[in-house]
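Note sheet for the following structure.
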Amino acid sequence: MQTLDLVIIFGYLIGVTLFGVWFSSKQETTEDYFVGSRNVPWWAIAASIVATETSTITFISVPGIAFARNGNFEFLQIVFGYLCGRIVISLLFIPMYFRGELQTVYQLLGIRFGNRVKMLASALFVVMRNIADGIRLLLTAIVLSAVYVAFQPDADANLVTIASIVLLGVVMIIFTYYGGMEAVIWVEVVQLAIYIGGAIAAAVVLLNQIDGGMPQVLAIGREFNKFSLFDFTLDFTKTYTFWAGLIGGCFLTMSTHGTDQYLVQRYLCTNKPSSASLALLSSGAVVLGQFIGFLFIGVLLFAFYAPFNAAEYAAAGVANSGVPATFPFAGGDKVFPDFITKFMPSGLSGLVIAAIFAAALSSSLNSIAATFVNDLYKPFARDKSDRHLLKISGWLTLIIGIVQILVALFVMNQQRSALDQALSIASLFNGPVLGVFLVGAFIKRANESAALTGMLASILLMIYIKFFTPLAWTWYVLIGSLTTFLIAGLASLFFTAKKTQNN
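Next up, the structure:
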């Protein structure tokens, strides 16, 4: 790491902060603050969607999937499910979201069922999104800390990590507090360009350092079966199979992109459903290309490091050999950072690390504030003016940012397994929330009590499945949503339906 790299990294963080402040003059109403006055172009929404669902894990771990022993392109099977889910959302959910002046996706549940269902779904989102994004902040801070320690080896890594958490958290708070949702979207457009540029730069440098160039890479990839794509086995404990990817990935996307405020809020920033659908569908094409690119970087890394030339590689994975299956790295997610810090030229290394931050600094603060104000505060403050709600939104953005910083600091010294558990627990509730939206759309006689019964039963079942069964996580949303749908449907036969607005 050189001084130029640090200048690029901190220059990026300062630029993001100033960008948000520049948007501050446009925030006069909650409509401006939460949905950008509904005039953001579809292509910016598409870029924002891609940047939002991309994280440091995507940038670092996806190449590691293809690099690892027995690693290949089978991860792409779940992306085909992502594309199917986007089609369903465009046909089923997006038209519903534009039948009223909604600012959160959960307001639709309030119209259909009542406040209790709306507030339960909103509360789940607020709690789990703060946990997940606090951990996301920590992972990004660890990268920044590693960069600084590489530049200053005598620095205390623990203190640098704490300082990095606070610095990155403050950057997110400032550009979200001042700029609102529109600033978040335009920052994400810039972030998408930076991290795609960084990935391309890394791939070009890699390719130029491999003897034999592209023909050699393709030959090695074919020899070690790196380009294998489909696995049609029906094994419910395997994460990446064709069926788990297509079906599980479809339901996962229906939940994350169709019923989660973090992403749905971006659709609401357009002025018509056709623009929202175009943004969502085009983002799917970009995501597919993105994952193909990152997996191919993994193959490039495999050809560059050539672990197969070492004697230990042949023994890796053999029982009692004592050799880790992902030799020469303890985990595949270490290989790309190793290349970036050791082999990338000065300047380009800083660009790629800035790209990692770009993939991680997608702020959820505005989405959480919108949910809290509209779904949890406004029902008890119906006489308050929009100006008052805008002021509360700003204060909530500050508070939520501090909460995420505290979450990151709290889990910093926990075992890694604790981090993994927190992230996986957060994913358990996507299914129950998706299920209640499907109940509202297809079971006309279901009332609030039936919907609550289905959601609570599904949550309990998903907790049991997570901790007491070996089921692959790719099936979680499918099972959670179907459980909510079926139990709410049965419960609707016993609860007296009351009149609701059936949007």
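Numbering-wise (the numbering used here), the sequence shown opens with residue 9 and increments by one.
Where a beta carbon is used, it is the ideal one built from N, C-alpha and C, also for glycine.
Please read these numbers as outputs of a predicted model, since none were measured by experiment.
{"Check": "Ala378 and Phe42 closer than 8 Å at C-beta", "Outcome": "yes"}
{"Check": "Closest residue to Ser45 among Leu479, Ser98, Met189 and Val134 (Cα-Cα distance)", "Outcome": "Met189"}
{"Check": "Proximity of Leu84 and Leu309 at Cβ, strictly below 8 Å", "Outcome": "no"}
{"Check": "Same chain, Cβ closer than 6 Å to Ile361, five either side skipped, listed in chain order", "Outcome": "Ile17 and Val155"}
{"Check": "Distance between beta carbons of Ala140 and Ser153, contact taken as under 8 Å", "Outcome": "Incorrect: roughly 20 Å between the Cβ atoms, too far for contact."}
{"Check": "Of the listed residues Val48, Gln269 and Trp251, nearest to Ile86 (C-alpha basis)", "Outcome": "Trp251"}
{"Check": "Buried versus exposed call for Glu109 [16 or more other C-beta atoms within 10 Å across all chains shown]", "Outcome": "exposed"}
{"Check": "Rounded straight-line distance, which links the Cα of Val411 to that of Arg495", "Outcome": "In the sequence as presented, Arg is not what sits at residue 495; that position holds Ile. Answer to the nearest angstrom: the Cα atoms are 35 Å apart."}
{"Check": "Through-space distance from His265 to Ala76, alpha-carbon basis", "Outcome": "30 Å"}
{"Check": "Beta-carbon proximity list for Glu196, same chain, < 7 Å, skipping 5 on both sides", "Outcome": "Ala55, Ser56, Ala59, Thr60 and Ser370"}
{"Check": "Per-residue burial, Tyr472 [other beta carbons within 10 Å of its own, 16 or more giving buried]", "Outcome": "exposed"}
{"Check": "Buried or exposed by the 16-neighbour rule on C-beta atoms within 10 Å, applied to Ala426", "Outcome": "Interpretation of Ala426 is limited by its pLDDT of 45, a score under 50 that renders its predicted location unreliable; the figure taken from the coordinates is listed afterwards. Flag for Ala426 reads exposed."}
{"Check": "For Asn47 and Asn374, believed in contact at Cβ under 8 Å, the rounded distance", "Outcome": "Incorrect: roughly 17 Å between the Cβ atoms, too far for contact."}
{"Check": "Euclidean distance between Cα positions of Leu26 and Leu468", "Outcome": "45 Å"}
{"Check": "Boundaries of the alpha helix (DSSP H) in which Asn438 is found, first to last residue", "Outcome": "Asn438 to Phe450"}
{"Check": "Buried versus exposed call for Val125 [16 or more other C-beta atoms within 10 Å across all chains shown]", "Outcome": "buried"}
{"Check": "Whole-angstrom distance between Phe493 and Leu99, CA atom to CA atom", "Outcome": "19 Å"}
{"Check": "DSSP-derived helix/strand/coil call for Gln160", "Outcome": "coil"}
{"Check": "Whole-Å CB distance - Tyr105 paired with Val272, under 8 Å assumed", "Outcome": "7 Å"}
{"Check": "Length of the line joining the Cα atoms of Gly524 and Pro387", "Outcome": "No statement about residue 524 is possible, as the shown extent of the chain runs from 9 to 511 and does not include it."}
{"Check": "Assumed close pair Val96, Met262 - CB separation to whole angstroms, cut-off 8 Å", "Outcome": "6 Å"}
{"Check": "Spatially closest choice to Ala293 from Ala74, Gly93 and Gly79, by CA coordinates", "Outcome": "Gly93"}
{"Check": "Cut-off 6 Å between Cβ atoms - residues of its own chain near Leu254, not counting five sequence neighbours on either side", "Outcome": "Phe88 and Gly89"}
{"Check": "Ala378 CB to nearest heavy atom of the ligand FAD below 7 Å", "Outcome": "Of the ligands one can find in the structure shown there are none, so the ligand FAD has no counterpart to examine."}
{"Check": "Cβ-based burial, Gln217 [other Cβ within 10 Å; buried from 16]", "Outcome": "exposed"}
{"Check": "Test item: CB-CB of Gly497 and Ser466 under 8 Å", "Outcome": "no"}
{"Check": "Supposed close pair Thr37, Asp391 - CB separation, criterion 8 Å", "Outcome": "With a Cβ gap of about 17 Å, Thr37 and Asp391 do not count as contacting."}
{"Check": "Touch test, the region 228 to 248 against the region 449 to 458, Cβ-Cβ under 8 Å, three pairs minimum", "Outcome": "no"}
{"Check": "8 Å Cβ cutoff, Val212 in contact with chain C", "Outcome": "You won't find chain C in this structure, because it holds only one protein chain."}
{"Check": "Rounded C-alpha distance that separates Glu39 from Leu12", "Outcome": "41 Å"}
{"Check": "Cβ distance (whole Å) where Gly28 is taken to contact Tyr186 below 8 Å", "Outcome": "5 Å"}
{"Check": "Endpoints, alpha helix (DSSP H) assigned at Ile474", "Outcome": "The sequence shown places Lys at residue 474, not Ile. Taken as a continuous stretch (DSSP letters only), the alpha helix (DSSP H) holding Lys474 covers Glu456 to Phe476."}
{"Check": "Nearest candidate by alpha-carbon position, reference Ile413, set Ser172, Leu91, Leu226 and Ala74", "Outcome": "Ser172"}
{"Check": "Cβ distance (whole Å) where Thr267 is taken to contact Phe445 below 8 Å", "Outcome": "5 Å"}
{"Check": "Minimum C-alpha distance to Leu14 - residue among Phe365, Gly448 and Met420", "Outcome": "Phe365"}
{"Check": "Proximal residues to Gln509 (C-beta, below 6 Å), its chain only, five neighbours per side dropped", "Outcome": "The predicted model places Gln509 with a pLDDT of 48, which falls under 50 and marks its position as unreliable; any figure quoted below should be read in that light. Excluding positions up to five away in sequence, the list reads Ile119."}
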